[in-house]
Structure formats: structure tokens, C-alpha cells
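See below for the structure under consideration.
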Amino acid sequence: MTTTAQPTAHPTAQGALAPEALESTFAACVAGGDLDGLVGLYAADAVVSLPRGREAAGSTAIREAFGRALAAGVLDGGETGVSSRAVVSGDLAMTTSTTGDGTVRTQVARRTAEGRWVWVRDGSRLREVEAALPAVPGALAVA
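Sequential numbering from 520 applies to the sequence shown in our numbering.
Laid out in C-alpha cells, this is it:
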């Protein structure tokens, strides 16, 4: 019988003690410009949706996407009126947050072997953030 090791969090992942706390930790990382902290909220095998049907899969691509979004100043971690909740089933959780303007974000989180929670699927955080997309090879940059 062969067993496969469950993927773990990014090596520098801190995650959160509870899935509901991922949202506030994300906001703190954005407010502090902490790219390592943002990447640490995602598992090494996580997937984040980007605009135009693109995806950032894995820590390197997630780091690049969030790095571009942070550099462009388009991430808002200080939204007021954010409510977060989670539905937990064993080592998986669906986390949902709703902003004051009614925007709903939904992610899937997984408990790590260390007992912390990290996101494995984020279908909404960067979906509308064009700055998160990689530059098109050969495209002209306009300042």
C-alpha cells in the first residue's frame, strides 16, 4: 500500500489558529506590506484565481501575483465592516468574508500538520485585480 504525504503550507507559512482568523491576518499583512506573510497564508499547492480566467498555482506564482498587486497599491486590507465565518469539516473549511459594501469572498482552507490553517483555494481575492496578472511578453510598458 502506498501513501501520499499531504501537501503542507509554504515553508514560511504562519497561517492562522482558526480559519475565521485568516481574513484579519490577511488584512494585517496587506496593511503592513508583508508579502512573506501573505504568501504564508496559502498552502504550497494553493491556487488563486486571477482576472481573465488565469490562475496563480503554487507559492512562487502566488508570491508574484500578490507582489505585483502590493506594488501597484491595489490591495485593500483595511476594509471596514468585514465579517468572516467558516464552515469546518475535519481538516477542511470554507471561509467566507463579506465587506461593508456587500462583496463576498469565499476560499477553501486546510488545517496543516502543525494545526494551523492556510488557504488552498482562493477564487475571489485577486479575480478583479488586473495588476496581479503577469506582464505579457513583448508588450509595451506605459508609464
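No residue lacks a Cβ here, since even glycine has one placed at the ideal position from N, Cα and C. Because the structure is a prediction, the values reported are computed rather than measured.
From the DSSP output, in three-state form, read off L557 for me.
helix
Validate contact between the region 573-587 and the region 603-620 using beta carbons, cut 8 Å, 3 pairs
no
So what's E539 in DSSP terms, helix, strand or just coil?
helix
If I'm right that R629 touches L536 with Cβ under 8 Å, what's the distance once you round it to whole angstroms?
Not a contact, Cβ separation roughly 14 Å.
Cβ-based burial, T544 [other Cβ within 10 Å; buried from 16]:
buried
Where A651 falls, given that 16 or more other Cβ within 10 Å makes a residue buried
buried
If you compare alpha carbons, which of E649, A654 and D641 is closest to A565?
D641
To the nearest angstrom, how far is the alpha carbon of L557 from that of C548?
6 Å
What first and last residue would you give for the beta strand (DSSP E) that runs through T622?
First-last for T622: undefined, no H or E at that position.
Quick test of your reading: E542 and V601, contact by CB under 8 Å. State the CB separation rounded to the nearest angstrom.
6 Å
At the level of alpha carbons, what is the spacing between E649 and T631?
31 Å
Helix or strand or just coil, what does DSSP make of T579?
helix
DSSP three-state label for T544, please.
helix
Distance, S616 Cα to G552 Cα:
21 Å
Does the beta-carbon distance from S578 to L645 come in below 8 Å?
no
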